[in-house]
Every structure is written in C-alpha cells, then in structure tokens.
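Enquirer:
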Amino acid sequence: MTKGSNFWVIGGEFGSMNFHKLVEGSAQVKGPFKSRKEAEDCWREVSEENRHKAGVRFSIVEEPARVMA
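When we follow our numbering, the leftmost residue of the sequence shown carries the number -7, and every step to the right adds one.
(1) At what residues does the beta strand (DSSP E) containing residue 51 begin and finish?
(2) Tell me which residue opens and which closes the alpha helix (DSSP H) that residue 38 is part of.
(3) Check this for me: beta carbons of residue 48 and residue 4, under 8 angstroms apart or not?
(4) Can you name the residues that DSSP bridges to residue -1?
(5) Going straight from the alpha carbon of residue 75 to that of residue 55, what length do you get?
(6) Would you identify the three-state DSSP class for residue 7, choosing helix, strand or coil?
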C-alpha cells in the first residue's frame, strides 16, 4: 500500500471496441479507496455486474501521493 495515495475505479460504456471514448452519461467513478485491495474488490464487483456488455470497461487508477510543502 502506498501511503497518502487514493485508488479509484473508473470506466463506463465505450462507443466502440477501441475503448477511446465513453458513451455520454455512462461514466462511473467509484472511490476513493485507501488500499489497492479495496479498489480491486470494487473493480471485480462492477466488472462482474457488466460482464454481459462487451463495450463496458473499468480500470483502477492511483492518485499520486501529495507532497507536503
């Protein structure tokens, strides 16, 4: 686990199978999660809910840790 980082699950339905542009209104953002494990659990859940939709994809992203000045 990276200290100070947050993890997010992002995605939605894409307009084509090249996965470059989301269908308007389909974007989803879940989080923040304090650990990658929590984000992975969420990712598995939303991926399973949408597995019958070939154009839906979700990813886990890590927010950079903030440097305190």
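No residue lacks a Cβ here, since even glycine has one placed at the ideal position from N, Cα and C.
Note that the structure is a prediction, hence the values are computed from the model and not measured.
Expert: Taking the structure as given:
(1) Boundaries of the beta strand (DSSP E) harbouring residue 51: 48 to 55, taken from the DSSP string.
(2) DSSP places residue 38 inside the alpha helix (DSSP H), whose first and last residues are 28 to 41.
(3) Yes, they are a contact pair.
(4) Answer is 25 and 54, bridged to residue -1.
(5) As displayed, the chain neither begins before -7 nor continues past 61, which places residue 75 out of reach and without an answer.
(6) Residue state, collapsed to three classes: coil.
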